[in-house]
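In the working numbering, the protein residues as written are 10 to 151. All C-beta atoms, glycine included, are put in the ideal place defined by N, C-alpha and C. Just so you know, these numbers come straight off a predicted model, no measurement behind them. Worksheet for the structure shown next.
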Amino acid sequence: MVHPATLAMASESKTAGVAALLGNAALVILKAVTAAFVFEAMSLGVALHSAHDARRGRPLLRFVRETRDPTVPTVLLEDSAALLSIIVAATGLGLSRLTAEPRWDAAASVTIGQILVTVASFLAYENYSLLSESRRRPSRSG
Numbered sequence: 010m011v012h013p014a015t016l017a018m019a020s021e022s023k024t025a026g027v028a029a030l031l032g033n034a035a036l037v038i039l040k041a042v043t044a045a046f047v048f049e050a051m052s053l054g055v056a057l058h059s060a061h062d063a064r065r066g067r068p069l070l071r072f073v074r075e076t077r078d079p080t081v082p083t084v085l086l087e088d089s090a091a092l093l094s095i096i097v098a099a100t101g102l103g104l105s106r107l108t109a110e111p112r113w114d115a116a117a118s119v120t121i122g123q124i125l126v127t128v129a130s131f132l133a134y135e136n137y138s139l140l141s142e143s144r145r146r147p148s149r150s151g
């Protein structure tokens, strides 16, 4: 199943491409970034609601580290990374446009890459420990 935010971003991306060809790129980029942020925020809200029910009073970070079901923590972390990345992208684009300095956009791209690598590494480590039944944390419970 395709994530609704992915469909929205694809639609906005197509619109952005057409508008760029027509010379109205800045407004369309702003609309695309705003739509992506709204859809990702909605998805994160659903994940937070699911986590609230599943964590049974535990702090959120403890729940993410200790749960045996990686579904909700994965969605929480991916949506959080997406929202942060959208903010970084918008900031980089805005600063590039305001200062006419493309390095801001490049720096934003590098930062987004670091965010995604960090989240992916954390998820890989946590999922690996679930698969290997690590002795370091034998009392993981969902």
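Exercise for the section: Measure the CB-CB distance between Leu92 and Ala50 and report whether it falls below 8 Å. Expected result: Less than 8 Å divides the Cβ of Leu92 from the Cβ of Ala50.
Handout entry: Continuous alpha helix (DSSP H) stretch holding Arg77: start and end
Key = Unbroken run through Arg77: none, as it is neither H nor E.
Practice task
For Thr100, I'd like the list of residues in its chain whose CB is within less than 7 Å of its CB, leaving aside the five on either flank, ordered along the chain.
Solution key: Cβ within range, chain order: Ala117.
Practice task
Using alpha carbons as the reference points, say which of Leu36, Leu69, Gly54 and Asp88 lies closest to Asp128.
Solution key: Note on residue identity: the sequence assigns Val, not Asp, to residue 128. Comparing alpha-carbon positions, the option among Leu36, Leu69, Gly54 and Asp88 lying closest to Val128 turns out to be Asp88.
Problem - Inter-residue Cα distance where the pair is Phe48 and Glu110 - result: Approximately 29 Å, taken between the alpha carbons.
Exercise for the section: Check whether the Cβ atoms of Ala60 and Leu86 lie closer than 8 Å to each other. Expected result: One thing to note: Ala60 has its Cβ no nearer than 8 Å to the Cβ of Leu86.
Practice task
Ignore the nearest five residues each way along the sequence and tell me which others in Arg106's own chain have a CB closer than 8 Å to its CB.
Solution key: Only Ala35 meet the Cβ criterion.
Exercise for the section: Using the Cα positions of Ser52 and Leu125, report the straight-line distance between them to the nearest angstrom. Expected result: Taking the straight line joining both Cα atoms gives about 17 Å.
Handout entry: Pairwise C-alpha distance: Ala90 and Glu75
Key = So the alpha carbons of these two residues sit roughly 20 Å apart.
Practice task
Could you pull out every unbroken alpha helix (DSSP H) segment of at least 4 residues lying fully inside the region 69-135, listed in chain order?
Solution key: Correct list: 69-75 and 80-108.
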